[in-house]
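Numbering (my numbering), first residue to last: 19 to 396.
Single-structure report; data block below.
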Amino acid sequence: MTEKILLVDDEENILHSIRRELRKRFDIHTAGSGAEALEILKSQGPFAVIISDMRMPLMDGVQLLSKVKDLYPDVVRLMLTGNADQETAIDAVNKGQIFRFLSKPCPTATLVTAIALAQRQYRLITAERELLDQTLKGSISVLSELLGLANPMAFSSGSRIKKIVGELADGLGLPNLWQYEVAALMSQIGCVTLPNETLAKVYAGLPLDAEEEAMYRSHPETGARLLSRIPRLDAVAAIIANQLTDYGGFRDDAIDEDIALGAQILRIALDHDLLLYRGKRHQEALSEMRREIGKYNPAVLDLLEQTRFDRKEEQIMSVDIDELRVGMIVERNIVSTNDVLIIPKGQEITWPILQGLRNFSRQVRVQEPLLVRIRGDL
Numbered sequence: 019m020t021e022k023i024l025l026v027d028d029e030e031n032i033l034h035s036i037r038r039e040l041r042k043r044f045d046i047h048t049a050g051s052g053a054e055a056l057e058i059l060k061s062q063g064p065f066a067v068i069i070s071d072m073r074m075p076l077m078d079g080v081q082l083l084s085k086v087k088d089l090y091p092d093v094v095r096l097m098l099t100g101n102a103d104q105e106t107a108i109d110a111v112n113k114g115q116i117f118r119f120l121s122k123p124c125p126t127a128t129l130v131t132a133i134a135l136a137q138r139q140y141r142l143i144t145a146e147r148e149l150l151d152q153t154l155k156g157s158i159s160v161l162s163e164l165l166g167l168a169n170p171m172a173f174s175s176g177s178r179i180k181k182i183v184g185e186l187a188d189g190l191g192l193p194n195l196w197q198y199e200v201a202a203l204m205s206q207i208g209c210v211t212l213p214n215e216t217l218a219k220v221y222a223g224l225p226l227d228a229e230e231e232a233m234y235r236s237h238p239e240t241g242a243r244l245l246s247r248i249p250r251l252d253a254v255a256a257i258i259a260n261q262l263t264d265y266g267g268f269r270d271d272a273i274d275e276d277i278a279l280g281a282q283i284l285r286i287a288l289d290h291d292l293l294l295y296r297g298k299r300h301q302e303a304l305s306e307m308r309r310e311i312g313k314y315n316p317a318v319l320d321l322l323e324q325t326r327f328d329r330k331e332e333q334i335m336s337v338d339i340d341e342l343r344v345g346m347i348v349e350r351n352i353v354s355t356n357d358v359l360i361i362p363k364g365q366e367i368t369w370p371i372l373q374g375l376r377n378f379s380r381q382v383r384v385q386e387p388l389l390v391r392i393r394g395d396l
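Written out as structure tokens, the structure reads:
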């Protein structure tokens with residue numbers, strides 16, 4: 019895809035002149051003001067490079083590029099001005115963090131070189147970010163699968179609610195959707211410190227004694243501390259730390275609004291999933307949750323009610339271990355012949371889980387056949 023260049027100047031004749039000179043080399047777009055430039059960046063992006071004149075009414079070049087830096091940090095910023103005084107240059111560099119400072123009139127060859135260098139800088143920035151994103155997502159995926167092997171009961175819920183949390187966050191217009199999906203996936207990481215017997219009681223809906231209740235309520239903070247050591251997961255850790263906070267317990271000034279809303283989404287998704295796990299239907303679970311006044315965000319519950327839990331394209335069937343495949347979803351707890359839980363209902367079969375189950379079955383007999391759900395795309 020051709021990288022877009024945005025040229026901003028309040029003098030229309032200059033815009034036309036530069037565009038005519040550069041249109042055969044670059045994909046040039048133009049704006050006659052800072053406000054128009056911001057609208058174009060929002061509606062027609064992404065852009066690789068923005069070149070702004072300094073002297074413009076209402077919003078000058080420094081103000082514009084400073085806003086661009088905050089809103090679109092990957093866009094490489096260049097300043098073009100006929101008033102190249104030292105104070106202007108210092109402001110442009112400090113506030114807008116510009117890549118190049120060009121004087122008007124600027125020879126075409128100089129402008130072409132500057133844009134080409136800016137494009138190269140854009141490619142470096144985006145390539146590094148994409149590498150970091152892929153590395154982070156890959157690491158989280160591996161960590162999730164390993165923890166799923168160690169404690170399948172806790173981590174099966176994270177994999178189940180990941181999609182619904184993303185849909186709810188998107189429906190509420192939250193940015194950085196990946197953070198909410200990762201928070202869902204890793205929401206139960208602190209449960210690795212809990213006894214299996216305590217978790218089993220939670221999932222079965224059995225009452226906990228005071229000590230068990232205290233242990234269970236400590237798992238979000240434990241998980242948040244573990245994840246806070248991973249770069250770029252500060253917001254994820256904060257969402258996880260607040261997952262057991264009631265909706266009425268959030269104070270306006272105590273926590274970032276997006277993090278609070280993310281924690282409220284996570285709380286609703288987890289509790290709804292838990293009720294489904296216990297045999298409730300979607301609407302039954304929602305009705306029960308609505309009766310808990312002050313516990314859940316009503317707006318998120320309304321959005322959840324509109325969400326479809328359609329399984330028409332899925333079929334339930336019995337399979338032996340040798341017939342089990344990656345992507346199948348466990349419909350009934352997989353247990354050993356002496357009734358030890360191996361994989362809980364609702365867990366999607368991943369490659370490590372499949373290998374682990376096959377290895378386990380060579381040492382300990384597993385109750386067969388297994389009951390699984392199969393998606394239409396498998």
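In this text, a Cβ means the ideal position worked out from N, Cα and C, and glycines have one as well.
None of the values given here were measured: they were computed from a predicted structure.
{"Item": "Which of helix, strand or coil DSSP assigns to L262", "Value": "coil"}
{"Item": "T216 and M204 closer than 8 Å at C-beta", "Value": "no"}
{"Item": "Start-end ranges of the beta strand (DSSP E) lying completely within the stretch 295-331, minimum 3 residues", "Value": "none"}
{"Item": "Cβ distance (whole Å) where A253 is taken to contact S246 below 8 Å", "Value": "Not confirmed; about 10 Å, so no contact."}
{"Item": "Rounded C-alpha distance that separates V93 from D276", "Value": "24 Å"}
{"Item": "Spatially closest choice to A171 from K155, R95, L226, L212, by CA coordinates", "Value": "A quick correction: the sequence has Met, not Ala, at residue 171. The shortest Cα separation from M171 among K155, R95, L226, L212 belongs to L212."}
{"Item": "Sequence-distant residues of its chain with Cβ nearer than 6 Å to L251 (five each side left out)", "Value": "L245"}
{"Item": "I392 - partner residues in DSSP beta bridges", "Value": "Q333"}
{"Item": "Opposing strand residues paired with M23 [DSSP bridges]", "Value": "The sequence given here places Ile at residue 23; Met does not occur at that position. Per DSSP, I46, V67."}
{"Item": "At least 3 beta-carbon pairs within less than 8 Å: the stretch 22-29 vs the stretch 47-67", "Value": "yes"}
{"Item": "CA nearest to the CA of I182, picked from P370, L319, M335", "Value": "L319"}
{"Item": "CA-to-CA distance, I286 to A222, given in whole angstroms", "Value": "18 Å"}
{"Item": "Assumed close pair D291, I179 - CB separation to whole angstroms, cut-off 8 Å", "Value": "5 Å"}
{"Item": "For Y198 and A278, the rounded distance between their alpha carbons", "Value": "11 Å"}
{"Item": "CA nearest to the CA of K363, picked from L375, L389, S354, R380", "Value": "L389"}
{"Item": "Reduced DSSP secondary structure (H/G/I, E/B, other) of L244", "Value": "helix"}
{"Item": "Host alpha helix (DSSP H) of S177 (start-end)", "Value": "170-189"}
{"Item": "Own chain residues within Cβ distance below 7 Å of V337, not counting five before or after", "Value": "P387, L388, V390"}
{"Item": "Rounded straight-line distance, which links the Cα of R243 to that of N351", "Value": "31 Å"}
{"Item": "Segment contact, 8 Å Cβ cut-off, at least three pairs: the stretch 67-85 with the stretch 128-141", "Value": "yes"}
{"Item": "E29 to A127 span [Cα, whole Å]", "Value": "21 Å"}
{"Item": "Close Cβ partners of T325 (< 8 Å) along its chain, the five nearest in sequence each way excluded", "Value": "I182, E185, L186"}
{"Item": "CB of S84 within 8 Å of CB of T99, strictly", "Value": "no"}
{"Item": "Helix, strand or coil at E366 according to DSSP, with G and I counted as helix", "Value": "strand"}
{"Item": "Beta-carbon gap between L304 and A202 smaller than 8 Å", "Value": "no"}
{"Item": "N- and C-terminal bounds of the alpha helix (DSSP H) containing K200", "Value": "The question names Lys, but residue 200 in the sequence shown is Val. V200 -> alpha helix (DSSP H) spans 195-203."}
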